[in-house]
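**Q** My structure is below; once you've seen it, I'll send some questions.
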Amino acid sequence: MPRLASIFALAAVALPFAAATSCGSSEFWWEPKKCCLPQGGHSTPPSPPSGTSCASNDWYWHEEKSCCVPKHPAAPTPSCPAGWSWSNWMCSRSTTPTAPSKPSNPTPSPSNSCGSSQFWWEPKKCCLPHGGQPKPPSPPSGSTCPPNGWYWHTEHKCCVPQHPTPPTPSCPAGWSWLNWLCGRSPSNPQPSGHYHKRASHKSRSASLCPSGLEACPVNGLRGQNSSMDYECLDTTSELESCGGCSSLGKGQDCTAIEGVWNVGCNKGSCVVYSCAAGYKLGLDGKSCIAL
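Numbered by mature numbering (1 follows the signal peptide of the UniProt record, and there is no 0), the letters in the sequence shown go through residues -20 to -1, 1 to 271 in order.
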């Protein structure tokens, strides 16, 4: 009996080797499914069942084994099509969408992201405290904030409102509103620093204002010799004569745009930043549309 047991044990050890040597000269042994496969695979392999596929690189469907098998002993790493994953020796559609098809996470509502003592300010897309800061920092040299409900915000480097419906920004004389702050006008017609200069003139062909400023008549005001008064304006940033002298029928009065709340003049074109209640910002960024 001991001799018989030894024979069985020896036979069991030899089985894997015997299986590998049982393949024909044009076949190779594939250990994962313990079978012989033809070198180079079948010339016309069957199609995989619906919902499955074989890796595109040197793999094909084996009907008897119900899986994909390699064409060569040194099979390349399986590579499934986009949206498919390799499992149980076959490609199947992924249960979760691939990265390109994942829906983007919805953007949280801005109003919900602010605290109870804060409000959402759309121009800079941030939360601001109701009433502003008790001791706001001073603006940097060469800039200031309107005294009526605006203060300097260090992080955003601009003036921000104290309340959700702020008053129209009003800069001091000699300053202009641009990029959410009051800055000194680039040039002033008088040494005193006053931005608007009024003087009598008889001919507008003469050079009336410093370079960069335009002489705009002041309607209703007349000096000596019945000559119309004028003021020197930077029509690239002047709110009420944006792009040209409004008194001459040129340019645009940005403050006259219907439904506007916060507005600026940038390079001679009106830019609407926010609209009054009952209006929404137009797609062109230059108008307010009634709701």
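Glycine included, each C-beta is placed from N, C-alpha and C at the ideal position.
(1) Within 10 angstroms of its Cβ, does residue 242 collect 16 or more other Cβ (buried), or is it exposed?
(2) In the structure shown, what three-state DSSP assignment does residue 35 receive?
(3) Ignore the nearest five residues each way along the sequence and tell me which others in residue 235's own chain have a CB closer than 8 Å to its CB.
(4) DSSP three-state label for residue 153, please.
(5) Since residue 42 sits in a beta bridge, which residues does DSSP pair it with?
(6) Grab me the residues of residue 30's own chain with a C-beta within less than 7 Å of its C-beta, minus the 5 sequence neighbours each way, in chain order.
(7) Whose CA, out of 270, 37, 56, 16, lies closest to the CA of residue 45?
(8) Going by alpha carbons, who is nearest to residue 128 out of 141, 119, 137?
(9) Are the Cβ atoms of residue 116 and residue 133 separated by less than 9 Å?
(10) Mind reading off the beta-carbon distance from residue 38 to residue 28? Whole number of angstroms is fine, and I expect it under 8 Å.
(11) Can residue 10 and residue 35 be called in contact, C-beta distance under 9 Å?
(12) Could you compute how far the alpha carbon of residue 125 sits from the alpha carbon of residue 233?
**A** Short version:
(1) buried
(2) coil
(3) 148, 219, 220, 243, listed in sequence order.
(4) coil
(5) 47
(6) The beta carbon of residue 30 lies closer than 7 Å to none in the same chain, with the five residues before and after it left out.
(7) 16
(8) Considering only 141, 119, 137, the residue with the shortest C-alpha distance to residue 128 is 141.
(9) yes
(10) Actually they are not in contact, since the Cβ atoms of residue 38 and residue 28 sit about 15 Å apart, beyond 8 Å.
(11) no
(12) 22 Å
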